[in-house]
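These notes concern the structure reproduced below.
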Amino acid sequence: MELNVMQPDQLDDLIQGISLADYQVIGPMESNGAIAYEPIESADDLPRGIIDHQRPGKYALQKIQSSRFFGYTVSPFSWKKYLYPPVQTLFKAERNGQGIQLETDSHDVKYAFIGVRACELSAIKIQDKIFLGGDYVDLHYKERRENALIVAVECFNTCETCFCDSVGSGPEIPNGADIVLTEILESGEHYFLVRSETEAGQEILNQISLKDTENNHYLIKDAQLERVRAKLKRKVQTTGLKSKLLKNPDHPRWDEVAERCLACSNCTMVCPTCFCADVFDINDLDGNTKRERRWDSCFTSDFTYIHGGNIRHSVKSRYRQWLTHKFASWQDQFDSLGCVGCGRCITWCPPGIDITEELKALSIPPNQYKKGEINHV
Amino acid sequence: MQLGYNWLIYMDNDSNSIMAFNRHSPLIPGIFEVKSKSKETHDTWSIVLNNKEPCRVETFNPGQFNMLYAYGTGEIPISISGDCSNQKYIVHTIRDVGKVSHALCNLKSGDQVGVRGPFGTTWPMDQLKGKDVVIIGGGIGLAPIRPVIFHILENRDDYNRVAIAYGARAPEEMLYPTQIMDWRSHLDMQVRVTVDSASPKWHGQVGVVTTLIPRLNFNPDNTAALVCGPEIMIRFAVKELISNGINPDEIWVSMERNMKCGIGLSGHCQMGSMFVCKDGPVFNYMDVERYFRIKEL
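Those protein sequences? They're chains B and A, same order as listed.
Numbering that gives the first Met the number 0 numbers the first residue of the first sequence as 0 and each following residue consecutively.
Numbering that gives the first Met the number 0 numbers the first residue of the second sequence as 0 and each following residue consecutively.
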């Protein structure tokens, strides 16, 4: 729908309007030296004037002289933690003589997410395919997802580790948001360009008195996006990547990266598309039990355990599974890449393994590849 | 929300099978009762499950599995080992090797268990029609393939020559010995059994199951083979079948991987691009042949 102008002090009106529509508003805030996506009450909770510095294995926030609300790039957390919680009770059970009585709750919270980036919205759409697009629908996810309101914010900056354009997930906001914001802070002027993309989004915007745009607003918006695109230095050459990965499970680079990988599972925990889970049965002393689903990682040692042992015992095989899944087998399974280029796995990898660099090395035919040919910085 | 016995029957239009899980989510089991159980070997039991209402249609197809939930202990995938034409009961054969299988083997008649399923692909019964059928089972791997044998016996005219080769570690580890004797008495079925090692009391064949393959009587140009057992056995059995002239795309295998959900949402069972729980467990060999060549996939 049409683009309008919103003043910075109206951002709080937007948040209050969403809150009045019975949403629990989740937004970015500074917490323990990082940006976290947590329940917010007003625009005062937003990390105003805070930017982030991300490099392989490094993350830091900095307070600068700026009134920008959305100056950071991406949080270590992702919206996944709300749509697909890290720990979720599937059911509680009680024993009743020889019988079993199951009990389950329905989740009635409506979430509104403020500040969803292009890559993050792409990630949500990828998880939609997993949990909603197959033969079996995850009703826990469905309930949360269908009730959620998404307020996306266009990036004005990049972090050193992100690469959305080369995997096709940004920097322009893909469709699927309810409201899209562009924060403009230039020539001493500070304002938002705002548009709704759904009826739910328009109903919220109707409550705020927005101004019409002028012609140059479109130019300013486009120019900002182009600046972001030009800043994205990391690239993944996706053409032909799938067959290169699938054809070379014994590429010498897998051994090299396995020497650096700690199999700590950080990459999978921060990844907004990773969906693996385990289940646990937790008993109390009264004889009641509950079954929990928790995020799991293909890097853990017993992930592939069957009677007789683990299928993937080496770190090499686990790293290969993860990266091959993201860029090759995911395409067979869900018809898209499993990566949105948010860069979290690079930033939060303790030894700073950079997947774009690994993919570059793995794209060299094994017989032409020289050990250490593409070195990490 | 109290769920109790509110498991539902979901009609799946394509396969005409029923799904037993709770109305709330495919991740929540329906409740079944242990009708009876019987000891197969020193560590293996068969349990017969039923629900309170009779099932209206075929309950499952040969090759499929259920996720069985033992109260407070956990949930594991177990193949259905019973006869699909019996609409009333679901039979599972379980080897007591881990925490959950131990709990399941210790169930008593009247105890309730959680059941989600049936899940996964099936043995290609229709495609086998008019062909010689070779069935290779190893150890507990006879259980997922037994529904095929029941089906063939009930529809004997649909299939040409039928040969079963079964290998166990030792004579006392053999599953369904009485039934095997019964199958042997059918003149229109070849049944050969071997064990890896045995005491002098054993008068049968000793050796791995692959050694039985050249002695089976089949026409390689019109034969389909079904293989289930430990992965190493599958690997060598397939090799032997191919060297005996069977076309690789006429071979089906049933694979085993770690499974947590049975519906492709928890990621554990991936084998290359396949989710073994929903793209398998039964695969045409040509669809997974490349994965057998990759270590630790």
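Using N, Cα and C, we set each Cβ at its ideal position, and we do this for glycine too.
Keep in mind the model is a prediction, meaning the values are calculated, not measured.
By the 10 Å Cβ neighbour count, where 16 or more other Cβ atoms means buried, how is residue i classified, buried or exposed?
i, result
"residue 32 of chain A", "buried"
"residue 108 of chain B", "exposed"
"residue 202 of chain A", "exposed"
"residue 225 of chain B", "exposed"
"residue 74 of chain B", "buried"
"residue 247 of chain A", "exposed"
"residue 111 of chain B", "buried"
"residue 174 of chain B", "exposed"
"residue 215 of chain A", "buried"
"residue 111 of chain A", "buried"
"residue 280 of chain A", "buried"
"residue 107 of chain A", "exposed"
"residue 205 of chain A", "exposed"
Answer with yes or no whether the minimum CB distance from residue i to chain B is below 8 angstroms.
i, result
"residue 88 of chain A", "no"
"residue 72 of chain A", "yes"
"residue 205 of chain A", "no"
"residue 63 of chain A", "no"
"residue 256 of chain A", "yes"
"residue 262 of chain A", "yes"
"residue 238 of chain A", "no"
"residue 269 of chain A", "yes"
"residue 121 of chain A", "no"
"residue 144 of chain A", "no"
"residue 166 of chain A", "no"
"residue 30 of chain A", "yes"
"residue 277 of chain A", "yes"
"residue 34 of chain A", "no"
"residue 57 of chain A", "Low confidence applies to residue 57 of chain A: its pLDDT is 42, below 50, so where it sits in the model is not reliable enough to give any reading."
"residue 130 of chain A", "no"
"residue 259 of chain A", "yes"
Is there at least one Cβ from chain A nearer than 8 angstroms to residue i's Cβ?
i, result
"residue 150 of chain B", "no"
"residue 276 of chain B", "yes"
"residue 324 of chain B", "yes"
"residue 316 of chain B", "yes"
"residue 297 of chain B", "yes"
"residue 138 of chain B", "yes"
"residue 106 of chain B", "no"
"residue 97 of chain B", "yes"
"residue 162 of chain B", "no"
"residue 123 of chain B", "no"
"residue 88 of chain B", "no"
"residue 144 of chain B", "no"
"residue 31 of chain B", "no"
"residue 271 of chain B", "no"
"residue 11 of chain B", "no"
"residue 248 of chain B", "yes"
"residue 130 of chain B", "yes"
Can you name the residues that DSSP bridges to residue i?
i, result
"residue 191 of chain B", "B/5, B/182"
"residue 40 of chain A", "A/43"
"residue 64 of chain A", "A/78, A/118"
"residue 33 of chain B", "B/30"
"residue 94 of chain B", "B/99"
"residue 29 of chain A", "A/114"
Along chain B, which residues have their Cβ under 8 angstroms away from the Cβ of residue i?
i, result
"residue 96 of chain A", "306"
For a contact meaning CB atoms closer than 7 angstroms, what does residue i contact in chain B?
i, result
"residue 272 of chain A", "328, 331, 332"
"residue 295 of chain A", "310, 311, 312, 313, 316"
"residue 110 of chain A", "97"
"residue 113 of chain A", "99"
Please confirm whether any heavy atom of the ligand SAH lies closer than 7 angstroms to the CB of residue i.
i, result
"residue 181 of chain A", "With respect to small molecules bound, the structure shown includes none, and the ligand SAH cannot be examined in it."
In chain B, which residues lie with their C-beta within 9 angstroms of the C-beta of residue i?
i, result
"residue 101 of chain A", "Those within 9 angstroms of residue 101 of chain A in chain B number zero; the least Cβ separation is about 12 angstroms."
"residue 265 of chain A", "274, 275, 276, 277, 278, 292, 295"
Could you work out which residues of chain A lie near residue i, taking near to mean beta carbons separated by less than 7 angstroms?
i, result
"residue 133 of chain B", "263"
"residue 94 of chain B", "70"
"residue 365 of chain B", "Those do not exist, as residue 365 of chain B stays about 14 angstroms from chain A at its closest Cβ, beyond 7 angstroms."
Would you mind telling me which residues of chain A sit closer than 8 angstroms to residue i, beta carbon to beta carbon, in chain order?
i, result
"residue 112 of chain B", "The premise fails here: residue 112 of chain B is roughly 22 angstroms from chain A at the closest Cβ pair, so nothing lies under 8 angstroms."
"residue 282 of chain B", "71"
"residue 288 of chain B", "70, 71"
"residue 303 of chain B", "256, 257, 267"
Could you name each continuous beta strand (DSSP E) segment of 3 residues or more that falls completely within the stretch 201-231 of chain A, going from the start of the chain to the end?
-> 222-227
Unbroken alpha helix (DSSP H) runs of length 4 or more, entirely within the stretch 99-129 of chain B: which are they?
-> none
In the stretch 265-351 of chain B, which residue ranges form an unbroken beta strand (DSSP E) of at least 3 residues, counting only runs that do not cross its ends?
-> 276-282, 288-294
Ignoring anything shorter than 3 residues or poking outside the stretch 113-167 of chain A, list the beta strand (DSSP E) runs there in chain order.
-> 131-137, 161-167
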